[in-house]
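Residue numbers (the working numbering): 257 to 565. Here a beta-carbon is modelled for each residue, glycine too, at the ideal position from N, C-alpha and C.
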Amino acid sequence: MSQWNTDQVPSQSGRVAIVTGANSGLGYETTLALAKKNIMVIMACRNMQKAEEAKQKILANYPDAKVKPMKIDTSSLAEVNKFAKHFQSHFDRLDLLINNAGIMMSPYEVTEDGFENQLATNYLGHFALTGQMLPMLKRTSDSRVITLSSLSYKWAEIQFDDLHFKNSYSKRKAYGQSKRSCLIFAYELQRRLSASGQNTLSLAAHPGLSNTELDRYFPALIRPLGALFLQSAKKGALPILYAALAEDIQGGEFIGPNGFQEMRGYPTKVEADDYSNNPAIARRLWKVSEEMTRIRYLDGQDELLNPAP
Ligand SMILES: NC(=O)c1ccc[n+]([C@@H]2O[C@H](COP(=O)([O-])OP(=O)(O)OC[C@H]3O[C@@H](n4cnc5c(N)ncnc54)[C@H](OP(=O)(O)O)[C@@H]3O)[C@@H](O)[C@H]2O)c1
């Protein structure tokens, strides 16, 4: 696996994937690579013009690509719910759900659901989306859910007493908390899938440091430095693609780059800290996530509670 890339992957014709945030950066590269393997990719994007432009770019690169833009805003439970219904009315299988959309270190903002925006966009929207997609994932053999974390999960633990930073906001901690939540979620999802006898796999992935639009909230002066120091988005997408497509994979693994400090390189299995692997913290996060999203799944009841209209 030391130099793994998608050349080693056979055609995946007939399979269907959802990639959130597919118009830019890692989501774009992941979509292009999956489409080149003949997977039908739903480009789940918040801006349909950008999604259409990305689709045209993919078709120029690979004219046989089967890619379909579909609107989602992961910061809104109502929009996630709308997307889920839209998808379910068009497709009857889901092989790969790539929970990728994200923002980093944005100014303080509270979403329409009353959530801190980074937690909502990066984590809670994907928690809700996964719950809504689970019945279809279960019906599709060899399905996988890949959730994007980050090295910055180390920046914060979960502030259970102030999840939405109502007392004081740190954009760095809020990003760290959201990516820590994604990682804990990926592990806990696998525990619950295994416990309920499901074949769907859950994995976490991180791209090291990759040159994308994620630095949009950074000062304009330092943004060009990214191109000099960071690995390409194409390389950064490899851990996501490995988690999604490789055969020597098990649920509950975390995939990142194999270079120095996991900042760049080819995909490999990486370890997270004890806090992220702690089942008690994971159960607590799952419970508050169910309460906040009003979507309950894999907790013995498997029902959607009052999803957004
Ligand atoms: N780049 C890195 O080094 C790095 C490191 C660790 C983790 N990650 C993770 O990788 C993922 C992808 O980021 P990226 O680096 O590829 O950044 P990016 O180029 O900025 O792409 C982010 C994508 O997410 C979309 N998005 C943002 N908010 C959304 C919302 N509310 N609803 C739906 N889509 C939304 C963006 O759409 P618009 O274009 O419309 O804004 C864009 O398509 C993120 O989860 C990020 O945390 C990246």
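Along the chain, where does the beta strand (DSSP E) that runs through residue i open and close?
i	result
residue 289	No beta strand (DSSP E) contains residue 289, which is instead part of the alpha helix (DSSP H) from 281–292.
residue 366	Careful: residue 366 lies outside any beta strand (DSSP E) and carries neither H nor E.
residue 273	272–276
What does DSSP give as the partner residues of residue i in its beta bridges?
i	result
residue 301	327
residue 401	353, 458
residue 296	272
Compare the beta carbon distance of residue i and residue j with 8 Å and say whether it is the shorter of the two.
i	j	result
residue 296	residue 325	no
residue 493	residue 459	no
residue 323	residue 357	no
residue 392	residue 349	yes
residue 510	residue 526	yes
residue 278	residue 310	yes
residue 338	residue 302	no
residue 281	residue 489	yes
residue 501	residue 265	yes
residue 402	residue 478	no
residue 204	residue 461	This structure does not reach residue 204, given that the chain is present from 257 up to 565, and the question cannot be answered.
residue 432	residue 451	no
residue 457	residue 400	yes
residue 430	residue 374	yes
residue 385	residue 554	no
residue 314	residue 287	yes
residue 422	residue 361	no
residue 367	residue 331	yes
residue 398	residue 351	yes
residue 258	residue 522	yes
residue 507	residue 487	no
residue 409	residue 447	no
residue 371	residue 420	yes
residue 293	residue 312	no
residue 394	residue 305	no
residue 518	residue 407	yes
residue 369	residue 404	no
Quick check on the DSSP output: the alpha helix (DSSP H) that includes residue i runs from which residue to which?
i	result
residue 492	489–492
Would residue i pass as an interface residue toward chain D - the criterion being a Cβ-Cβ separation below 8 Å?
i	result
residue 555	Among the chains of the structure shown, chain D does not appear; only one protein chain is present.
At a cut-off of 7 Å, is residue i close to ligand 2 when judged by its beta-carbon and the heavy atoms of the ligand?
i	result
residue 423	Of the ligands this structure carries, namely ligand 1, none is ligand 2.
Next on the checklist: I'd like the ranges of any beta strand (DSSP E) spanning at least 3 consecutive residues and lying wholly in the segment 327–359.
Outcome noted: With a minimum length of 3 residues, the continuous beta strand (DSSP E) runs that stay inside the segment 327–359 are 352–355.
Item to check | Complete beta strand (DSSP E) runs within the segment 500–536 (minimum length 3 residues, chain order) | outcome: Those beta strand (DSSP E) runs which fall completely within the segment 500–536 and span 3+ residues are 510–513, 523–526.
Next on the checklist: Please give me, in chain order, every unbroken run of the beta strand (DSSP E) with length at least 3 that falls completely inside the segment 405–484.
Outcome noted: Within the segment 405–484, the complete beta strand (DSSP E) runs of at least 3 residues fall at 457–461.
Next on the checklist: I'd like the ranges of any alpha helix (DSSP H) spanning at least 4 consecutive residues and lying wholly in the segment 373–399.
Outcome noted: List check, alpha helix (DSSP H) in window: 381–395.
Item to check | At least three beta-carbon pairs within less than 8 Å, the segment 541–548 to the segment 436–447 | outcome: The segment 541–548 makes contact with the segment 436–447; the number of CB pairs closer than 8 Å reaches 3 or more.
Checklist entry - Contact between the segment 374–383 and the segment 548–555: three or more CB pairs below 8 Å? => result Yes: at least three Cβ pairs fall under 8 Å.
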